[in-house]
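For the protein sequence lines, the chains are P and Y, in the order given.
Counted the way this note's numbering counts, the first sequence spans residues 38 to 457.
Counted the way this note's numbering counts, the second sequence spans residues 38 to 457.
2 protein chains.
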Amino acid sequence: MAQKRPQVVIIGAGFGGLEAAKSLSRAPVDVTIVDRQNHHCFQPLLYQVATAALSPAEVAWPIRHILREQRNATVLMAEVTGVDVTGRCVLIPSGSFSYDYLVVATGATHSYFGHDDWEKHAPGLKRIEDALRIRREMLIAFEKAELAKDDAERRRLLTFVIVGGGATGVEMAGAFAEIARLTLVEDFRRIDPSTARIVLIEAGPRILPALPEDLSDYARRALERMGVEVMTSTRVTKCDAGGVDLEHGRIDASTIVWAAGIVASPAAAWLGAAHDRAGRVTVGPDLSVPGQPEIFVIGDTAAVQDKSGRAIPGVAPAAKQMGRYVGKLIARRVAGKPSPPFRYRHMGDLAAIGRRAAIVSLHGMKLKGFLGWLFWGVAHIYFLIGPKHRFIVAFTWLWDYVTFHRGARLITGVPPREGE
Amino acid sequence: MAQKRPQVVIIGAGFGGLEAAKSLSRAPVDVTIVDRQNHHCFQPLLYQVATAALSPAEVAWPIRHILREQRNATVLMAEVTGVDVTGRCVLIPSGSFSYDYLVVATGATHSYFGHDDWEKHAPGLKRIEDALRIRREMLIAFEKAELAKDDAERRRLLTFVIVGGGATGVEMAGAFAEIARLTLVEDFRRIDPSTARIVLIEAGPRILPALPEDLSDYARRALERMGVEVMTSTRVTKCDAGGVDLEHGRIDASTIVWAAGIVASPAAAWLGAAHDRAGRVTVGPDLSVPGQPEIFVIGDTAAVQDKSGRAIPGVAPAAKQMGRYVGKLIARRVAGKPSPPFRYRHMGDLAAIGRRAAIVSLHGMKLKGFLGWLFWGVAHIYFLIGPKHRFIVAFTWLWDYVTFHRGARLITGVPPREGE
């Protein structure tokens with residue numbers, strides 16, 4: 038097969054990779070996008086799967102379906118094992134394929150700060166499987182509490198700890214509180230779900246450190262009104278099967294969710310490139326790897342500063358902007374045209390705390406409470422891929438808002454056994 | 038705690054168990070319903086989860102949510118390990134609880150006719166987990182085919198075998214054909230999904246043996262028009278990782294679905310009761326176990342004949358009728374009143390073959406084609422629990438009908454790895 042057109046390989050179909058592929062749709066290149074999953078996950082709403090409000094299929098879509106009409110794009114489901122930088126090819130278990138341009142958009146995963154064994158007690162929230170695991174553990178905790186004969190054990194089962202006070206941690210804590218106080222309140226006979234203890238632990242002095250201080254204060258008060266214990270300046274020193282150790286004290290808990298550190302995927306090692314402490318590849322002003330102008334690293338995998346020297350945050354809009362930039366740059370370079378350096382435009386910060394409460398900080402505009410919640414909902418619905426998902430998610434939220442219910446309270450996966 | 042009210046324990050929250058619990062809502066008894074899952078599964082639509090049309094949460098609901106308003110009912114998620122018939126108590130790993138009346142509604146599972154090792158190659162379809170496993174295997178087969186370098190292997194990957202020509206088998210075969218010929222048709226670049234081979238194998242002389250012969254003929258022709266190979270009078274002699282052996286010949290296949298025999302749950306052994314070859318407990322005219330008037334067995338776990346001596350089929354309406362009958366009987370007995378023997382009323386038979394094609398046989402009325410399909414859809418929507426699910430399923434079907442898509446095409450569960 039004669040390969041005349043330049044081959045662009047994109048590793049990872051998250052926000053960045055997908056956007057890079059889309060912005061190459063009219064370029065005279067062949068695009069191959071490789072992901073180990075068959076679906077793109079809308080991570081900003083993943084916590085709603087973990088807390089039984091939405092189903093996986095409502096926040097994740099087959100990658101090949103998203104790109105089905107882009108005739109120059111081929112989607113492959115495969116686990117990339119490495120990159121042969123000299124031979125310009127990407128390695129997968131069953132072989133390899135060569136590239137003229139490579140875009141690495143492999144994202145980040147959780148960092149347990151050197152304690153990877155904590156992962157089995159305190160799952161993070163990056164993939165659909167993580168969300169289903171957290172959902173399962175949370176629901177099983179209530180089920181076991183209903184069967185428990187011992188008060189201390191029942192207390193422990195009804196204690197939920199979220200480590201990390203960023204947007205994910207805040208959203209999880211708010212959702213847990215709603216489940217316990219509103220959703221499940223009529224469902225049990227022997228326990229009172231509303232007595233569940235929900236603890237949000239943050240090592241820094243305040244939650245949502247990326248947001249202005251008054252919004253962060255508002256979020257704390259809103260969570261506390263919902264019955265969440267917010268512990269700031271508190272460091273977790275150990276996670277085990279029975280709970281978490283703090284610098285001063287211990288919390289016995291059945292369910293621990295890790296929303297603290299993140300670390301970039303091993304792309305730096307594949308590329309033999311320089312990286313920062315979080316594993317992010319140091320890139321040039323055009324997001325290429327220094328010395329390798331045909332390799333680009335984007336999204337959470339790249340360490341990029343904005344024009345004032347601040348690190349660009351690991352959020353979906355940043356990844357999308359980088360993806361779009363690199364796609365256009367490759368198209369221009371193939372056409373023999375130069376490109377300006379990448380410029381990040383911060384869109385704002387959002388976090389939902391619960392029913393009627395969210396905070397929004399956007400171009401100096403600040404919203405909170407019900408108005409913030411409405412804005413948050415509309416923004417997320419708007420960015421959901423495809424009208425069907427938009428409609429179903431909007432309907433589900435409206436329904437759940439009116440009825441206080443959460444429809445996806447299924448324990449699936451591991452065959453659940455009582456006494457486990 | 039003084040227990041004055043009679044204790045009714047129901048094992049299993051399928052169609053029968055749930056109906057028994059509900060018909061005791063006004064009786065002066067305490068009802069405990071035990072299930073190893075936390076959800077009731079609407080099994081007639083489970084094949085739509087296996088074939089990526091619906092999400093698990095659209096066909097399964099938390100048992101305790103269904104019964105949340107029935108104040109005399111307690112729901113426990115636990116695996117029953119046995120019954121102490123003499124001591125009148127039900128055993129679970131963490132203890133036991135006593136009963137005055139026991140209703141066993143534990144359903145049935147697949148029978149591999151003594152070849153239980155086939156199960157790992159040819160999953161059946163009884164639980165949400167089964168459906169997710171089949172969905173995963175089917176979708177991974179297409180993904181691997183897109184990566185395959187060898188023609189024979191690609192051919193094998195694109196071959197799907199369904200063993201058993203009852204309603205489940207027919208519905209699965211029709212849905213597989215639609216996925217290959219309609220849903221995925223634009224999604225791949227290297228393979229043509231519409232060349233997939235779908236084979237429905239039935240040991241008897243015709244598919245849908247429970248239905249009148251002309252409807253069964255119609256179903257066969259409808260499937261064949263959709264490109265399904267229907268093999269009747271064909272016996273499978275072995276299932277392995279690479280395909281199935283037939284009495285005469287072999288089919289290399291990546292995905293095998295078992296929709297053939299079923300066998301009752303081990304309730305007969307728990308109760309030390311007489312049972313038939315399929316493990317179903319022989320019950321008296323009031324569905325109680327002979328010699329144990331306080332123990333009732335219902336649904337697929339019981340061998341019951343109708344008044345003309347024919348076996349009552351293992352369908353949802355039959356289980357519901359038995360559940361309702363036993364619930365009312367217990368309520369009457371507690372009030373000191375006698376009950377007439379159980380009488381089964383056959384509601385009819387339905388099977389969906391695909392878009393615009395279903396067959397319905399109902400009180401002598403026969404429907405097929407588009408009209409049958411509409412009737413089938415309305416009947417299933419009507420029986421879905423709760424208005425929200427009714428609405429979302431109706432909307433999803435309508436959407437998918439118009440767009441040819443299936444929204445839930447997610448590979449989840451086992452972290453998928455290429456080359457596996």
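Ideal Cβ positions, reconstructed from N, Cα and C, are used throughout, including at glycine.
Cutting at 7 Å between CB atoms, please list the residues of its own chain near residue i, excluding the five before and the five after it.
i	result
residue 505 of chain P	Only positions 38 to 457 of chain P appear in the structure, and residue 505 of chain P is not among them; the question remains open.
residue 500 of chain Y	As displayed, chain Y neither begins before 38 nor continues past 457, which places residue 500 of chain Y out of reach and without an answer.
residue 410 of chain P	389, 393, 394 and 395
residue 453 of chain Y	Note that residue 453 of chain Y scores 37 on pLDDT, short of 50, meaning its location in the model is unreliable and no value can be drawn from it.
residue 304 of chain Y	141, 143, 318, 334 and 338
residue 277 of chain P	158
Considering only their Cβ atoms, is the gap separating residue j from residue i smaller than 8 Å?
i	j	result
residue 170 of chain P	residue 116 of chain P	no
residue 271 of chain Y	residue 240 of chain Y	yes
residue 388 of chain P	residue 184 of chain P	no
residue 55 of chain Y	residue 103 of chain Y	yes
residue 91 of chain P	residue 448 of chain P	no
residue 290 of chain Y	residue 193 of chain Y	yes
residue 145 of chain P	residue 301 of chain P	yes
residue 332 of chain Y	residue 341 of chain Y	no
residue 68 of chain P	residue 45 of chain P	yes
residue 359 of chain Y	residue 328 of chain Y	no
residue 306 of chain Y	residue 320 of chain Y	no
residue 150 of chain P	residue 353 of chain P	no
Going along chain P in order, which residues have a C-beta closer than 9 Å to the C-beta of residue i?
i	result
residue 76 of chain Y	446, 447, 448 and 449
Can you tell me which of the three DSSP states residue i falls into?
i	result
residue 389 of chain Y	strand
residue 263 of chain Y	coil
residue 231 of chain Y	helix
residue 255 of chain Y	helix
residue 64 of chain Y	coil
residue 414 of chain Y	helix
residue 42 of chain P	coil
residue 438 of chain P	helix
residue 193 of chain Y	helix
residue 175 of chain Y	helix
residue 217 of chain P	helix
residue 119 of chain Y	strand
residue 52 of chain Y	helix
residue 240 of chain P	coil
residue 180 of chain P	helix
residue 375 of chain Y	coil
residue 457 of chain P	At residue 457 of chain P, the pLDDT of 31 sits below 50, so the modelled position is not reliable; the number obtained from the coordinates is stated separately. Three-state result, residue 457 of chain P: coil.
residue 211 of chain Y	helix
residue 449 of chain P	coil
Give the residues of chain Y in contact with residue i, contact being defined as C-beta atoms less than 9 Å apart.
i	result
residue 111 of chain P	183, 225, 226 and 227
residue 425 of chain P	432, 433, 436, 437, 440, 442 and 444
residue 429 of chain P	429, 432, 433, 436 and 444
Can you name the residues of chain P whose CB is closer than 7 Å to the CB of residue i?
i	result
residue 59 of chain Y	In chain order: nothing, as chain P lies at least about 16 Å away.
residue 195 of chain Y	Neighbours of residue 195 of chain Y on chain P: none; closest Cβ ~15 Å, over 7 Å.
residue 180 of chain Y	75 and 114
Can you list, in chain order, the residues of its chain with a C-beta nearer than 6 Å to that of residue i? Leave out the 5 residues immediately preceding and following it.
i	result
residue 310 of chain Y	318 and 326
residue 399 of chain P	385
residue 322 of chain Y	378
residue 128 of chain P	118 and 119
residue 297 of chain P	200 and 201
residue 221 of chain Y	230
Kindly list the residues whose CB is nearer than 8 Å to the CB of residue i, restricted to its own chain and excluding five residues on each side of it in sequence; keep chain order.
i	result
residue 84 of chain P	162, 168, 205, 208, 209 and 212
residue 174 of chain P	160, 291 and 292
Could you name the residues that DSSP lists as bridge partners for residue i?
i	result
residue 403 of chain Y	Y:398
residue 69 of chain Y	Y:46 and Y:111
residue 275 of chain Y	Y:282
residue 132 of chain Y	Y:129
residue 25 of chain P	A query on residue 25 of chain P cannot be resolved here, the shown segment of chain P reaching from 38 to 457 and no further.
residue 320 of chain Y	DSSP output for residue 320 of chain Y lists no bridge partner at all.
So which residues of chain Y does residue i contact, with C-beta pairs closer than 7 Å?
i	result
residue 176 of chain P	75
Of all the residues that make up the segment 83-116 of chain P, which are near chain C by a beta-carbon distance shorter than 9 Å? The question asks about chain C, but that chain is absent: this structure's protein chains are P and Y.
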